[in-house]
Amino acid sequence: MLNIILLLTLIGRDPNVGTAGFDLLNITVPARPAAMGNATIADAGDAFGFFFNPAGLVDMEESRLGTTYMNYLAGVQLGSLSYAKPLDDKGVGIGLTYLNSGAMKRTDAVGNEQGTFSVGYFNFDFAFGYLLTEPVALGLGLKGLYGKIDTFFTVGAGANIGGSFLLPIEGLHFGIAIRNIGMVFKPFRAEKDKLPLDFGAGLNYSTNSLNLNLDLTKPLYSRFGIRAGVEYWLTSFLAARTGYNSFGSDLKTGGGSDIFGGFSLGLGVKVLSYQLDYAFTPMLALGRVHRFTLSFAL
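The sequence shown maps to residues 1 to 298 in UniProt numbering.
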């Protein structure tokens, strides 16, 4: 039982998470957006972008397949697999995200070991984007949700809707997204939790070598948050990234490392059609999180 409490406490302390059912939906798994402070609403034109704004599918230039591995806290492992494909003035994407705690000790009320159990979650995503007019794109994403703790399970469904707008200033995009509209049909307990509904708007300014992202978000059960990210391609094959997420202040404990709360770093390496991305996120007293993403054109 203590292991369950520890796992759920760590997830609840993630700087992207509020307080609702399937809070895992708000943990950013892919490395590139994580390195850029999770500022993704107006910069969603890659293999994983439809997780954050399905309208970004119309910005895809080629079909891409991507996979991510994330070493989370307390030995928890997360990963994702995603495929996105442009179709003229449309785009489609499918994806799977999972969490696995590994074997955890089961104990009774006085601490005697009673074998092991595990915690697991799966999200199945399908998204569609459509270019409504030349400067305006809309998108819809649907998701099926499943979670399991020992012999107990939960089932839910949700949707993301988004828009992408090309502004009259060259290189400037505006995006809006409402994420995690839906409900839990079969809860762990009698009371049905709501999904972690999130409203957001963002700007992206891009050149051949530079991406600047800025998002304003409002989770249903939390305050307004600001997310900012920078990506600069030092050469044609190497990118440096950094970002800031204001929700990282929730992790501060008064220690000397609090100054790093909310900041993130990362790198991207591109060789031919292959791209490897890495992100490092300090979670202060809770530990450090590493993410690796590999994607390639099909």
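All C-beta atoms in this analysis are idealised placements derived from N, C-alpha and C, irrespective of residue type, glycine included. All values derive from a computational prediction rather than experimental measurement.
Selection from the options that minimises the alpha carbon distance to residue i
{"i": "residue 167", "options": "189, 149, 136", "result": "136"}
{"i": "residue 39", "options": "173, 233, 191", "result": "173"}
{"i": "residue 162", "options": "235, 103, 55", "result": "55"}
{"i": "residue 290", "options": "132, 240, 30, 129", "result": "30"}
{"i": "residue 298", "options": "25, 46, 37", "result": "46"}
{"i": "residue 100", "options": "269, 164, 80, 182", "result": "80"}
{"i": "residue 23", "options": "123, 86, 62", "result": "123"}
{"i": "residue 254", "options": "229, 284, 169, 220", "result": "284"}
{"i": "residue 71", "options": "201, 95, 102", "result": "102"}
{"i": "residue 90", "options": "213, 196, 132, 224", "result": "132"}
{"i": "residue 246", "options": "214, 48, 275, 49", "result": "214"}
{"i": "residue 197", "options": "212, 179, 116", "result": "179"}
{"i": "residue 68", "options": "258, 205, 151, 97", "result": "97"}
{"i": "residue 199", "options": "52, 27, 28", "result": "52"}
{"i": "residue 116", "options": "134, 150, 209", "result": "150"}
{"i": "residue 60", "options": "220, 292, 164", "result": "164"}
{"i": "residue 265", "options": "232, 188, 220, 251", "result": "232"}
{"i": "residue 169", "options": "177, 205, 193, 189", "result": "205"}
{"i": "residue 193", "options": "66, 177, 221", "result": "221"}
{"i": "residue 294", "options": "279, 104, 275", "result": "275"}
Per DSSP, the bridge partner or partners of residue i
{"i": "residue 127", "result": "93, 141"}
{"i": "residue 215", "result": "202, 227"}
{"i": "residue 259", "result": "Paired residue(s): none; residue 259 is not in a bridge."}
{"i": "residue 179", "result": "198"}
{"i": "residue 289", "result": "281"}
{"i": "residue 221", "result": "According to DSSP, which records beta bridges pairwise, residue 221 is partnered with nothing at all."}
{"i": "residue 72", "result": "For residue 72, which the question treats as bridged, DSSP gives no partner whatsoever."}
{"i": "residue 29", "result": "DSSP, once it has assigned bridges, lists no residue as partnering residue 29."}
{"i": "residue 149", "result": "119, 152"}
{"i": "residue 242", "result": "230, 265"}
Assigned secondary structure, residue i (DSSP; H/G/I helix, E/B strand, else coil)
{"i": "residue 298", "result": "coil"}
{"i": "residue 299", "result": "Any property of residue 299 remains undetermined from this structure, which presents the chain solely from 1 to 298."}
{"i": "residue 34", "result": "helix"}
{"i": "residue 190", "result": "coil"}
{"i": "residue 284", "result": "helix"}
{"i": "residue 23", "result": "helix"}
{"i": "residue 108", "result": "coil"}
{"i": "residue 268", "result": "strand"}
{"i": "residue 158", "result": "strand"}
{"i": "residue 248", "result": "helix"}
{"i": "residue 103", "result": "coil"}
{"i": "residue 54", "result": "helix"}
Cβ distance (whole Å) where residue i is taken to contact residue j below 8 Å
{"i": "residue 125", "j": "residue 141", "result": "6 Å"}
{"i": "residue 241", "j": "residue 267", "result": "7 Å"}
{"i": "residue 217", "j": "residue 34", "result": "That belief does not hold up - the Cβ atoms of residue 217 and residue 34 are roughly 15 Å apart, past 8 Å."}
{"i": "residue 129", "j": "residue 58", "result": "5 Å"}
{"i": "residue 42", "j": "residue 175", "result": "3 Å"}
{"i": "residue 263", "j": "residue 244", "result": "6 Å"}
{"i": "residue 228", "j": "residue 37", "result": "5 Å"}
{"i": "residue 92", "j": "residue 44", "result": "At roughly 14 Å, the Cβ-Cβ gap does not stay under 8 Å, so residue 92 and residue 44 are not in contact."}
{"i": "residue 296", "j": "residue 273", "result": "5 Å"}
{"i": "residue 27", "j": "residue 78", "result": "7 Å"}
{"i": "residue 181", "j": "residue 201", "result": "No, residue 181 and residue 201 are not in contact; Cβ-Cβ is about 16 Å, not under 8 Å."}
Legend entry - the stretch 153–166 touching the stretch 131–145, judged by at least three CB pairs closer than 8 Å: yes
Inset, instruction - Decide if the stretch 103–121 is in contact with the stretch 80–93; the criterion is three or more beta carbon pairs, one per stretch, under 8 Å apart. - result: no
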